[in-house]
């Protein structure tokens, strides 16, 4: 399965409501713990009613936040009961105190659920360089534990930062098991992982090893195939829990399909709600020597600031696309290079299109969803990357988002 701009669901699966609570045995809640100003929801708790097989994928940033460090330790056992997420404070670059606060969070949630701390995964998102108001967080966790329901709405909102809307998805297999998920992320989106937080649940009965392998494939096909600005944060986490409540064991291939459906639906929502974005752009590279080179080329084009600015302005500037392909250092026959923008061939086997075709391409680039397709003419491999344009609104948002480092710690 490759990323597509349509929302088609694979045969044998039905889109359903409920997000992380769509699979049996999962409940969730979101509360205002006082981490954010103004009484906004800022703490989410997602709980399985039994120990669940667990897998997780984390940031590749070497300045990984404290909750990433602790959750890496906890998920190593392959089992979890709950995921607790706070927004408004990243608990990153906080040293030993930050790790102690993340452990204290896991301890507190475990006590509330009658389980052990190593079965609790901890996630944080927000401003870097501030300590968690740990007493407020623990009070919020107590409120969330008492408010758990099979409605995911408050939890999905509680993890938001600059997001303008919650992001949820779920599918049900015709064999009676489900996969659901929620995510946050509107800026600093790039592959490995996508500068985001996501919690995925399923009631399928699978081993931790199968879950890890299947989720790796799904994440590579989806969250690693999107980019907004090329940034990777300190807190990226994708946590996947499988509790077996449906008493159905899908094949590994079936699990990959369902996980990919949900992850791709969430990834598209992340791109649609990206900071300052006015367009969703699918960059497709064909005719590459191998898949690795195709992926590298599509990523360089998708991350090019010049290409993104051109697309924002509706400029069919194929020269910037060609330059980005050249910077990618992949094998390409530039004398036979072809580029399609807005549904119109603007460079055909090395020959530039005339003014009429360029005008048609510009018209095609006014749409919300557009495709940029490049044929490298040296092989048969292909890859895709979903990105956005780059608008003045992105610069405004990120120049005005100044964390309040003067706030009291409690």
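Residue numbers (the numbering used here): 38 to 447.
A virtual CB, placed ideally from N, CA and C, is assigned to each residue, including glycine.
Asked                                                                                                                                  : Found
Start-to-end residues for the alpha helix (DSSP H) that takes in residue 375                                                           : Segment 375-378 is the beta strand (DSSP E) holding residue 375; no alpha helix (DSSP H) there.
Simplified DSSP assignment, three categories, for residue 161                                                                          : strand
C-alpha distance - residue 341 paired with residue 127, whole-angstrom precision                                                       : 28 Å
Extent of the continuous beta strand (DSSP E) run through residue 214                                                                  : Neither: residue 214 is in no beta strand (DSSP E) and is coded neither H nor E.
Three-state secondary structure assigned by DSSP to residue 68                                                                         : strand
Proximal residues to residue 72 (C-beta, below 8 Å), its chain only, five neighbours per side dropped                                  : 79, 80, 123, 124, 125, 126, 163, 169, 170, 173, 174, 177
Cβ distance (whole Å) where residue 116 is taken to contact residue 219 below 8 Å                                                      : Contact doesn't hold; Cβ gap of about 21 Å is too wide.
Short Cβ contact (9 Å threshold) for residue 95 with residue 275                                                                       : yes
Same chain, Cβ closer than 6 Å to residue 40, neighbours up to 5 away in sequence not counted                                          : Low confidence applies to residue 40: its pLDDT is 44, below 50, so where it sits in the model is not reliable enough to give any reading.
Minimum Cβ-Cβ distance from residue 351 to chain C less than 9 Å                                                                       : Absence of chain C from the displayed structure is noted, only one protein chain being present.
Runs of alpha helix (DSSP H) wholly within the segment 329-372 (minimum 4 residues, chain order)                                       : 342-349, 355-364
Residue 420 (DSSP reduced to helix, strand or coil)                                                                                    : strand
Cβ contact check for the segment 247-260 and the segment 88-107: 3 or more pairs under 8 Å                                             : yes
Residue range of the beta strand (DSSP E) that includes residue 382                                                                    : 381-385
Three-state secondary structure (DSSP) of residue 87                                                                                   : strand
DSSP-derived helix/strand/coil call for residue 52                                                                                     : strand
Contacts around residue 459, its chain only, beta-carbon distance under 6 Å, and the 5 residues preceding and following it disregarded : Since the first residue shown for the chain is 38 and the last is 447, residue 459 is missing from the structure and cannot be characterised.
Cβ contact (3+ pairs, closer than 8 Å) linking the segment 408-422 and the segment 375-388                                             : yes
C-beta contact flag for residue 217 and residue 189 at 9 Å                                                                             : yes
Reference residue 324; option with closest CA among 416, 151, 49, 145                                                                  : 416
Cβ separation of residue 239 and residue 60, assumed to be a contact under 8 Å, to the nearest whole Å                                 : 5 Å
Assumed close pair residue 138, residue 103 - CB separation to whole angstroms, cut-off 8 Å                                            : 7 Å
Exposure of residue 404, with buried meaning 16 or more beta-carbon neighbours within 10 Å                                             : exposed
C-beta atoms of residue 131 and residue 167 nearer than 9 Å                                                                            : yes
Buried/exposed call for residue 212, threshold 16 Cβ in 10 Å                                                                           : exposed
Residue 394 versus residue 82 - alpha carbon distance                                                                                  : 53 Å
Cutoff 8 Å; reference residue 141; Cβ partners in own chain excluding five residues on either side                                     : 171, 175
In chain order, each beta strand (DSSP E) run of at least 3 residues that lies wholly inside the segment 248-308                       : 274-279
Burial state of residue 47 (16 or more Cβ within 10 Å)                                                                                 : exposed
CA-to-CA distance, residue 243 to residue 402, given in whole angstroms                                                                : 44 Å
Where residue 398 falls: helix, strand or coil (DSSP)                                                                                  : helix
Contacts around residue 339, its chain only, beta-carbon distance under 6 Å, and the 5 residues preceding and following it disregarded : 264, 320, 422, 424
Residue environment, residue 273, which counts as buried when at least 16 other CB atoms sit within 10 Å                               : buried
Proximity to residue 283 [Cα-Cα], best of 245, 241, 311, 277                                                                           : 241
8 Å contact criterion, which residue 129 and residue 100 should meet: CB distance rounded                                              : 7 Å
Same chain, Cβ closer than 6 Å to residue 287, five either side skipped, listed in chain order                                         : 241
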